[in-house]
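According to our numbering, the residues represented by the first sequence are 47 to 497, in order.
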Amino acid sequence: MATVVTRFAPSPTGKAHAGGYRTAMYAWLFARQQKGEFILRIEDTDRARNNEEAKEDIFEALKWLGLEHDRLYIQSANLARHKEILTQLIREDRAYVSHEPAKDDASVMKDVIRFRNPNKIITFTDLIRGPITIDTTDLGDFVIARAIDDPVYHLAVIVDDHDEGVTHVIRAEEHIANTPRHILLHEALGWQIPHYAHLPLVLSEDKKKLSKRKGALAMTDYAKLGYLSDAVFNCIAMLGWNPADPGSDQELFSIPELIERFDFNRMQKSGAIFKQEKLDWFNREYIKRLSGEQFWEHAEPYLKDTIAGVQERSLLEKLEPLLRERMVKFSDMQHFFAAKDGSTEGEFDYFLMRPKIDTSKLAWKGTSLQEALQHLEKVAGLLEGLTDWSEEGVKGAVMPYAEETGKGNVLWPFRVALSGREKSPDPFTIAAILGRGETLARITDAAAPIK
RNA sequence: GGCCCUAUCGUCUAACGGUUAGGACAUCGGCUUUUCAAGCCGGUAAUCGGGGUCCGAUUCCCCGUAGGGUCACCA
C-alpha cells in the first residue's frame, strides 16, 4: 500500500481564518493517522497578490496549532518544472498558445496558453460526497498559463501534486468545480489521479463563506487573544465532523484521540456556522484542566504590562481560582488588572492596591450610612481576635452577627469596604486573600467617618 | 441564469428503517447568594414541503422549495 501523502496548500495573499486551518487540520490528522506525510506548500503563483506577511502568518498559525509539516515547498521555486510540462503539453498538442486580447486591457494582444479540452464528462468519487459528475464542455479551452513562464493555479497544482506524490487532495468545497479541470490535466499527462475529499465550508453567521470582511478573526488572532491552541483545535475540528461513538456525548478530544478517530465517513456534508461562544466554552473547559504551572505560564505574557506583573507569584496564586472561574481567554488578564502605565483600570485591582471607597456606596438598600459604619465597626471588632484567618474562619466570625442584623446590612458594607466596588466576589473570599492586616485596615479606613 | 453540492432545535451535532428524535452551546426559569461571576436543577426549541418504496421512514428514491458553491489570465 502506497504511503498516504496529504498537503495543505494556502496562497499567501492574506491572513487565513478558521476555515482554512480546519482543512489543514483534517489533512494533517489523516496523514498522521495513516502514518503518511503532510506537506505544506505555499502557492505563490499570483505574483501580484503575494505578500511576505501573509506567509509568516501561515507558518505562525500552523506552528501554534501543532500542525508540523514533513516537507515544505514553495510553488514559485518549481517554475522550471511547470514550464517543462507546459512545453510538453504544447508539443503534444494538448495545449496551445492563443493570441488574444489581454484580460485587463482588451486593446493589447497577448499570448496565453490554453488547454485543449477534450470536452468529456468527468465523474470522480469524492471521499465525502460520493460520485460527482460534471460535463467539462462548459469549461471550454481553459487558460493554464498567462505565459510560458507564468503558470496559472490549475497547472501548478497538478504538477506539484503529482511530483510530490500527493495521494489525497483534501481541500474546501469551493474547489469541486475545479476538480474536473485537474482530472483532465492529469489524464492528458498520463498521471495517476489522486483521491479527492472536498470539505464543507465554514460559514459566518450570515451563512456565507467565512471571510475577513465578515469579521472572521485570523487564526493568529486567537493565539494573540490567549486562546489555548488545543481548545481551538478541538472546537474547529468538531465543526462538520464528529468522532463520537453513537450515543456518546463526549465533546472534548485530545489531538491523539482525534488522530485515532478521524474518518471521512463521519464528515458532515453541509456547511457549518462558526460561533465564537462555543469556542469560548471549549476554551474555558481547557483552562479548567490546566495545571497551576501551565496556567501561570500562559498568563505571564498578558500580566507583564499590568500592575500584577510585578507582584509576588504567591499573592497571585491566591487569586488563581477566582481568575479561572471568571476568564474565558488569557488576554482577559488585561481586564482584571490595571495597566502598569495607568492607562486602564482592572476589575481586580483592589486585590493589589487599596481602593478608594465611595462612602455613598457603603450603605445597603434602605439603610443609612450611619448604620453601615456601625456595622463595619462591629465587624472589625469580631475579626480582631480571630485566629483562623481563612475564608471559613472569617465567615464563621461574621456570619452570626450578619444573620441577626440582616445579612445585606452587614455584608454589603463589609464587601464594599474591601473592594470599593458594587460587584465583586464575596467579602470572605476577599478577606482571606487580603489577609488580616490589610482587611482590618480597609474596614477601619472605611469606618473612619464615624469618629 | 447554467452547472455542482447540501438540507435534524437559533447554532454545532447524535440517532445499522423501528427512540417519548438524544447531547452540547446559546436562551429562559428556579435554587444558592449581600452583589457579580461560577455552580446545581429544570423549561422552551428541530427532522423544509409533497409524493413514493416499506408492516414501519429523520434515515432509501423522485419532484419541488430553500440555502450554499462555482462559472477568472485568484488560488
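No residue lacks a Cβ here, since even glycine has one placed at the ideal position from N, Cα and C.
**OP:** Report the rounded CA-to-CA distance for A345 versus E393, giving the unit in angstroms.
**Re:** On the first sequence, residue 345 is found 299 positions in, with the first residue counted as 1. On the first sequence, residue 393 is found 347 positions in, with the first residue counted as 1. Roughly 16 Å separates the two Cα atoms.
**OP:** With a threshold of 8 Å, establish whether the CB of F76 neighbours any heavy atom of the ligand GDP.
**Re:** No copy of the ligand GDP occurs in the structure displayed, which carries no ligand at all.
Original post:
Thinking just about the alpha-carbon of each residue, which of D267, R488, Q322, A243 is nearest to the one in V462?
Top reply: Walking along the first sequence from the start, residue 462 turns up at place 416. Among D267, R488, Q322, A243, the Cα nearest to that of V462 is on R488.
Subject >> Whole-Å CB distance - N280 paired with F328, under 8 Å assumed >> reply: Taking the first sequence and counting its residues from 1, one reaches residue 280 at position 234. Taking the first sequence and counting its residues from 1, one reaches residue 328 at position 282. Rounded, the Cβ-Cβ distance is 6 Å, consistent with contact.
Original post:
Could you give the C-beta distance for I168 and P246, rounded to a whole number, given that I count them as a contact under 8 Å?
Top reply: Sequence index remark: in the first sequence, residue 168 carries index 122 (1-based). Sequence index remark: in the first sequence, residue 246 carries index 200 (1-based). 21 Å between Cβ atoms; not a contact.
**OP:** Measure the C-alpha to C-alpha separation of L75 and V212 and round it to an integer number of angstroms.
**Re:** Counting from 1 along the first sequence, the entry for residue 75 is found at position 29. Counting from 1 along the first sequence, the entry for residue 212 is found at position 166. Each residue's alpha carbon lies about 15 Å from the other.
Original post:
In chain order, which continuous runs of the beta strand (DSSP E) of length 3 or greater are located wholly inside the segment 390 to 441?
Top reply: none
**OP:** Please confirm whether L132 and L235 have their CB atoms less than 9 Å apart.
**Re:** Mapped onto the first sequence, residue 132 falls at position 86. Mapped onto the first sequence, residue 235 falls at position 189. Cβ distance not < 9 Å, so L132 and L235 don't count as in contact.
Original post:
So H63 packs on K253, CB below 8 Å; how close in whole Å?
Top reply: The residue labelled residue 63 in the question sits at position 17 within the first sequence. The residue labelled residue 253 in the question sits at position 207 within the first sequence. No, H63 and K253 are not in contact; Cβ-Cβ is about 16 Å, not under 8 Å.
**OP:** Thinking L336 and H241 are a contact (beta carbons under 8 Å), I'd like their distance in whole angstroms, please.
**Re:** Residue 336 sits at position 290 when you count from the first residue of the first sequence. Residue 241 sits at position 195 when you count from the first residue of the first sequence. Not a contact, Cβ separation roughly 39 Å.
Subject >> Alpha-carbon spacing of I319 relative to K260, whole angstroms >> reply: In the first sequence, the residue the question calls residue 319 occupies position 273. In the first sequence, the residue the question calls residue 260 occupies position 214. Taking the straight line from one Cα to the other gives about 12 Å.
Subject >> Proximity of S57 and T91 at Cβ, strictly below 9 Å >> reply: In the first sequence, counting from the first residue as 1, residue 57 sits at position 11. In the first sequence, counting from the first residue as 1, residue 91 sits at position 45. Their beta carbons are under 9 Å apart, which means S57 touches T91 by this criterion.
Subject >> the segment 378 to 391 contacting the segment 440 to 455, beta-carbon criterion three pairs below 8 Å >> reply: no
Subject >> Reduced DSSP secondary structure (H/G/I, E/B, other) of D209 >> reply: For the purposes of this step, residue 209 is taken as residue 163 along the first sequence, with counting starting at 1. Of the three classes helix, strand and coil, the one that applies to D209 here is helix, per DSSP.
Original post:
So, helix, strand or coil for T352, using DSSP?
Top reply: Your numbering for residue 352 matches position 306 in the first sequence. Three-state DSSP puts T352 in a strand.
Original post:
CA-CA distance, R68 and P177?
Top reply: If you number the first sequence from 1, residue 68 lands on position 22. If you number the first sequence from 1, residue 177 lands on position 131. Cα to Cα, the separation comes out at about 23 Å.
Original post:
By how many angstroms is the C-alpha of M379 removed from the C-alpha of G293?
Top reply: Position 247 of the first sequence, counting from 1, holds the residue named residue 293. Position 333 of the first sequence, counting from 1, holds the residue named residue 379. Looking at the two C-alpha atoms, the distance is approximately 38 Å.
Original post:
According to DSSP, what are the bridge partners of S144?
Top reply: Residue mapping note: residue 144 aligns to position 98 of the first sequence, counting from 1. Per DSSP, V158.
Subject >> Ordered list of beta strand (DSSP E) runs contained in the segment 301 to 369, each at least 3 residues >> reply: none
Original post:
In three-state terms, what does DSSP make of W458?
Top reply: One-based indexing of the first sequence puts residue 458 at position 412. The answer is helix: DSSP assigns W458 an H, G or I state.
**OP:** In angstroms with no decimal places, state the Cα-to-Cα distance between R217 and F170.
**Re:** Position 171 of the first sequence holds residue 217. Position 124 of the first sequence holds residue 170. Using only the alpha carbons, I get a separation of about 15 Å.
Original post:
Does the pairing of the segment 109 to 124 with the segment 152 to 162 give three or more beta-carbon distances under 8 Å?
Top reply: no
Subject >> Close-in-space but distant-in-sequence residues of the same chain around F474 (CB under 7 Å, 5 per side omitted) >> reply: If you number the first sequence from 1, residue 474 lands on position 428. These residues qualify, in order along the chain: E437, V440, K441.
Subject >> Nearest residue (CA-CA) to E323, options Y332, V374, K334 >> reply: Walking along the first sequence from the start, residue 323 turns up at place 277. Among Y332, V374, K334, the Cα nearest to that of E323 is on V374.
Original post:
Which whole-angstrom value is the C-beta distance of M366 and G412, which I expect to be below 8 Å?
Top reply: Taking the first residue of the first sequence as position 1, residue 366 is located at position 320. Taking the first residue of the first sequence as position 1, residue 412 is located at position 366. According to the sequence provided, residue 366 is Glu. The question's Met does not apply to it. No, E366 and G412 are not in contact; Cβ-Cβ is about 37 Å, not under 8 Å.
Original post:
Between the beta-carbon of V189 and the beta-carbon of H128, is there less than 9 Å?
Top reply: In the first sequence, counting from the first residue as 1, residue 189 sits at position 143. In the first sequence, counting from the first residue as 1, residue 128 sits at position 82. Not closer than 9 Å, so no.
**OP:** Identify, in the order they occur along the chain, each residue of the same chain with its Cβ nearer than 6 Å to the Cβ of A409, setting aside the five sequence neighbours on each side.
**Re:** Position 363 of the first sequence, counted from the start, is the residue given in the question as residue 409. Cβ within range, chain order: L415, A418.
Original post:
Nearest-angstrom Cα distance between D139 and I180?
Top reply: Working through the first sequence from its first residue, we reach residue 139 at position 93. Working through the first sequence from its first residue, we reach residue 180 at position 134. So the alpha carbons of these two residues sit roughly 24 Å apart.
Subject >> Opposing strand residues paired with T52 [DSSP bridges] >> reply: One-based indexing of the first sequence puts residue 52 at position 6. In the DSSP output, where bridge partners are listed per residue, T52 has F84, H214.
Original post:
How big is the Cα-Cα spacing for L43 and Y273?
Top reply: As shown, the chain starts at 47 and ends at 497. That puts residue 43 outside it, with no answer to give.
Original post:
Which word fits R78, buried or exposed, when buried means at least 16 other C-beta atoms lie within 10 angstroms of its C-beta?
Top reply: Indexing the first sequence from 1 puts residue 78 at position 32. When all chains shown are included, R78 counts as buried.
Original post:
Quick one: Cα of K81 to Cα of E233, how far?
Top reply: Indexing the first sequence from 1 puts residue 81 at position 35. Indexing the first sequence from 1 puts residue 233 at position 187. Going by the C-alpha atoms only, they are around 28 Å apart.
Original post:
By DSSP, does K497 sit in helix, in strand, or in coil?
Top reply: Taking the first residue of the first sequence as position 1, residue 497 is located at position 451. Legend: pLDDT at K497 = 47, less than 50; position of this residue unreliable, no value from coordinates given.
**OP:** Counting only the same chain and skipping the five closest in sequence on each side, list residues whose C-beta sits under 6 Å from that of G317.
**Re:** Position 271 of the first sequence, counting from 1, holds the residue named residue 317. Closer than 6 Å at Cβ, skipping near neighbours: P246, L247, L249.
Original post:
When you compare only the Cα positions, how much space is there between D434 and N455?
Top reply: For this step, residue 434 is matched to residue 388 along the first sequence. For this step, residue 455 is matched to residue 409 along the first sequence. Distance between the alpha carbons of D434 and N455 is about 24 Å.
**OP:** Could you tell me which of H381, T405, G483 sits nearest to L429, measuring between CA atoms?
**Re:** Counted from its first residue, the first sequence places residue 429 at position 383. For the residues H381, T405, G483, the minimum Cα distance to L429 belongs to G483.
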